[in-house]
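Chemist: Here it is, the structure in full.
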Amino acid sequence: MLVTGNDILIPARAGKYGVGSFNTNNMEITEAIIHTAEKLRSPVMVQMSEGAIKYGGQDLANIVIDLATRATVPVALHLDHGSSYESALNAIRMGFTSVMIDASHHDFAGNVAETRRVVEAAHAMGISVEAEIGRLGGIEEHIVVDEKDAFLTDPAEAVQFIEQTGTDYLAIAIGTSHGAFKGKGRPYIDHARIEKIAGMTGIPLVAHGSSGVPQEIVERFRAAGGEIGDAAGIADEDLQRATGFGIAKVNVDTDLRLASTVGIREVLQATPKEFDPRKILGRARDVMAQVIEHKMGVLGSVGKA
Ligand code: 13P
Numbered sequence: 002m003l004v005t006g007n008d009i010l011i012p013a014r015a016g017k018y019g020v021g022s023f024n025t026n027n028m029e030i031t032e033a034i035i036h037t038a039e040k041l042r043s044p045v046m047v048q049m050s051e052g053a054i055k056y057g058g059q060d061l062a063n064i065v066i067d068l069a070t071r072a073t074v075p076v077a078l079h080l081d082h083g084s085s086y087e088s089a090l091n092a093i094r095m096g097f098t099s100v101m102i103d104a105s106h107h108d109f110a111g112n113v114a115e116t117r118r119v120v121e122a123a124h125a126m127g128i129s130v131e132a133e134i135g136r137l138g139g140i141e142e143h144i145v146v147d148e149k150d151a152f153l154t155d156p157a158e159a160v161q162f163i164e165q166t167g168t169d170y171l172a173i174a175i176g177t178s179h180g181a182f183k184g185k186g187r188p189y190i191d192h193a194r195i196e197k198i199a200g201m202t203g204i205p206l207v208a209h210g211s212s213g214v215p216q217e218i219v220e221r222f223r224a225a226g227g228e229i230g231d232a233a234g235i236a237d238e239d240l241q242r243a244t245g246f247g248i249a250k251v252n253v254d255t256d257l258r259l260a261s262t263v264g265i266r267e268v269l270q271a272t273p274k275e276f277d278p279r280k281i282l283g284r285a286r287d288v289m290a291q292v293i294e295h296k297m298g299v300l301g302s303v304g305k306a
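Residue numbers (this note's numbering): 2 to 306.
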């Protein structure tokens, strides 16, 4: 069933488990996400970025909405990183049930003002809202602790921000970053900060940049002819601890990009004569489903729907 973000995330926060919010860009990705959620009886969020809307538009949104409506588990369609009031309202018009307004590049007052506008409009239509405070992005190892603090979400500011905006859930900067290169060795994640923010706030918290970049997938990517440097993601145990502290929405894009490319490369490499898209993209869908299944196990959402 198609539900709002709140319908999925409020129980997750209360139950101390995480729900994957996976980015989609086509039918195969959407099917891998929703069919795996049904198989595992897990709630799930499917998110489209503005780039995905540019690429797939209403066609892609309708695929998600149709699969979600027919699904036997709760599914929300979420706008990832909406850059403006207009973008958030456009997504609602397209049928999204959850929107992110990312005004985190503004100063505090500007972020509050833009977020509030979106919250007021979205709530009038029964749609839930995610906002962000702090700066996501690679926290390089050479940055000293004091400087890290300037980028990461300040707990007292998070409390004020929630009070002043009425946002339903909040993305916090805890050291994670988007992409396949989250740092050397074991990428940094500030658990103490999550615990502190969760203790001072009641709403679901959101972790961006939560791909695990599984080494098995990276090795298969290389073996099938792909080139990738020292890719590394968030360790399963680190993510699991974060969900225990109050991270309820866990954003994953890179892992599915890698998995789908592994599937495509492996088929093309093993069978150079193949040109049936169902064989090529079907395999991509299978590899993505394996990665999603693993992630839902890590997050603890299996059996929660
Ligand atoms: P990853 O790049 O770690 O998959 O993060 C995606 C994300 O946070 C989208 O908002």
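Glycine is no exception: its CB is placed at the ideal position from the N, C-alpha and C atoms.
Which first and last residues belong to the alpha helix (DSSP H) in which tyrosine 56 is found?
Modeler: From DSSP, the alpha helix (DSSP H) with tyrosine 56 extends over 51-71.
Chemist: Along the beta strand (DSSP E) that carries histidine 82, what are the first and last residues, could you check?
Modeler: Run containing histidine 82: 76-83, per the beta strand (DSSP E) assignment.
Chemist: Might you give, ordered along the chain, the residues of its own chain that have their beta carbon closer than 7 Å to the beta carbon of threonine 262, omitting 5 neighbours on each side?
Modeler: Phe222 and Gly227
Chemist: Would you call histidine 124 buried or exposed, if buried means 16 or more other Cβ atoms sit within 10 Å of its Cβ?
Modeler: exposed
Chemist: So the candidates are Gly16, Asn7 and Val119; which of them puts its Cα closest to the Cα of leucine 78?
Modeler: Asn7
Chemist: Within the same chain, show all residues whose beta-carbon is closer than 7 Å to that of glutamate 141, passing over the 5 residues directly before and after it, in chain order.
Modeler: For glutamate 141, the pLDDT reaches just 49, beneath the cut-off of 50, and the residue's location in the model is therefore unreliable, although a value from the coordinates is still provided. So the list is empty, once near-sequence residues are dropped.
Chemist: By Cβ distance below 6 Å, which residues in the same chain neighbour glutamine 165 in space, the five residues on each side in sequence not counted?
Modeler: Val113
Chemist: When DSSP labels each residue in this structure, what does leucine 90 get in the three-state scheme?
Modeler: Leucine 90 falls in the helix class under three-state DSSP.
Chemist: Tell me the rounded alpha-carbon separation between serine 302 and leucine 240.
Modeler: Each residue's Cα considered, the two are about 13 Å apart.
Chemist: Could you tell me the boundaries of the beta strand (DSSP E) in which glycine 21 lies?
Modeler: 20-24
Chemist: If we count the other Cβ atoms within 10 Å of its Cβ and call it buried at 16 or more, is glycine 127 buried or exposed?
Modeler: By the Cβ-count criterion, glycine 127 is exposed, with fewer than 16 other Cβ atoms from all chains shown falling within 10 Å of its own Cβ.
Chemist: Measure the Cβ-Cβ separation of valine 292 and threonine 255 and say whether it is below 8 Å.
Modeler: Taking 8 Å as the Cβ cut-off, valine 292 and threonine 255 do not qualify as a contacting pair.
Chemist: Could you pull the start and end residues of the alpha helix (DSSP H) that asparagine 7 belongs to?
Modeler: Per DSSP, asparagine 7 belongs to the alpha helix (DSSP H) from 6-16.
Chemist: Based on the DSSP output, what are the partners of valine 130 in its beta bridges?
Modeler: Val100
Chemist: Taking C-beta to C-beta, are glutamine 22 and lysine 250 nearer than 8 Å?
Modeler: Here the sequence assigns serine to residue 22, which means glutamine is not the residue at that position. The answer is yes: Cβ separation under 8 Å.
Chemist: Go to isoleucine 204, then tell me how far its beta strand (DSSP E) extends in each direction, as first and last residue.
Modeler: Taken as a continuous stretch (DSSP letters only), isoleucine 204 belongs to no beta strand (DSSP E), as it is neither H nor E.
Chemist: Who does glutamine 48 pair with in a DSSP beta bridge?
Modeler: According to DSSP, glutamine 48 bridges with Asn24 and His79.
Chemist: Going by alpha carbons, who is nearest to methionine 289 out of Pro278, Gly264 and Leu269?
Modeler: Gly264
Chemist: Check whether the Cβ of valine 253 sits closer than 7 Å to any heavy atom of the ligand 13P, and report yes or no.
Modeler: yes
Chemist: When burial is assigned at 16 or more other CB atoms within 10 Å of the CB, is asparagine 63 buried or exposed?
Modeler: exposed
Chemist: Pairing CB atoms from the segment 154-162 with CB atoms from the segment 24-43, are three or more of them under 8 Å?
Modeler: no
Chemist: Let's see if you can read the secondary structure: which residues bound the beta strand (DSSP E) around isoleucine 235?
Modeler: Note, isoleucine 235: premise wrong, no beta strand (DSSP E); not H, not E.
Chemist: Go ahead and pull the three-state DSSP assignment for glutamate 141.
Modeler: Note that glutamate 141 scores 49 on pLDDT, short of 50, meaning its location in the model is unreliable and no value can be drawn from it.
Chemist: Is it right to say methionine 101 is buried, meaning 16 or more other beta carbons lie within 10 angstroms of its own, or is it exposed?
Modeler: buried
Chemist: Would glutamate 131 pass as a contact of alanine 157 if the rule is Cβ separation under 8 Å?
Modeler: no
Chemist: Let me confirm a value: arginine 14 is counted as buried when at least 16 other C-beta atoms fall within 10 Å, else exposed. Which label applies?
Modeler: Residue environment analysis places arginine 14 among the buried positions, since at least 16 neighbouring C-beta atoms fall within 10 angstroms of its C-beta.
Chemist: Is there at least one non-hydrogen atom of the ligand 13P closer than 7 Å to the beta-carbon of aspartate 60?
Modeler: In this structure, aspartate 60 has its CB at a distance of at least 7 Å from all heavy atoms of the ligand 13P.
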